[in-house]
């Protein structure tokens with residue numbers, strides 16, 4: 001929610017979407033979605049920074065991050081995935097975190 005508030009404040013201060021995204025630390029397309037949701041909720045660019053209320057931020061969050069009723073994978077989903085996971089070979093060579101370390105390329109020191 002903090003990033004939504006930061007995006008909206010920067011946008012209301014007149015910054016472009018690229019600068020808004022950079023300041024808030026989000027992707028430009030994410031900033032665009034936040035601003036579009038805020039405009040749909042009634043926010044106008046001419047409004048001051050004080051127009052960013054908790055209710056507005058909540059409306060934006062609800063619009064861009066819909067709640068998943070199940071909260072993620074269900075037990076049924078997990079039972080369908082487990083056989084595929086068990087069939088995959090698990091060897092040190094197939095794992096990124098185990099096995100022999102990869103060689104680093106040498107860089108020329110200038």
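Residue numbers (full-length UniProt numbering): 1 to 110. Yeah, the Cβ is synthetic: ideal placement off N, Cα and C, and Gly gets one too.
On a Cα-Cα basis, can you pick out the residue from the options that is closest to residue i?
i, options, result
"residue 57", "44, 34 and 84", "34"
"residue 47", "89, 8 and 87", "8"
"residue 28", "44, 51 and 4", "4"
"residue 23", "6, 45 and 12", "6"
"residue 44", "13, 82 and 89", "13"
How about residue i and residue j: are their beta carbons less than 8 Å apart?
i, j, result
"residue 55", "residue 37", "no"
"residue 31", "residue 49", "no"
"residue 1", "residue 52", "no"
"residue 59", "residue 41", "yes"
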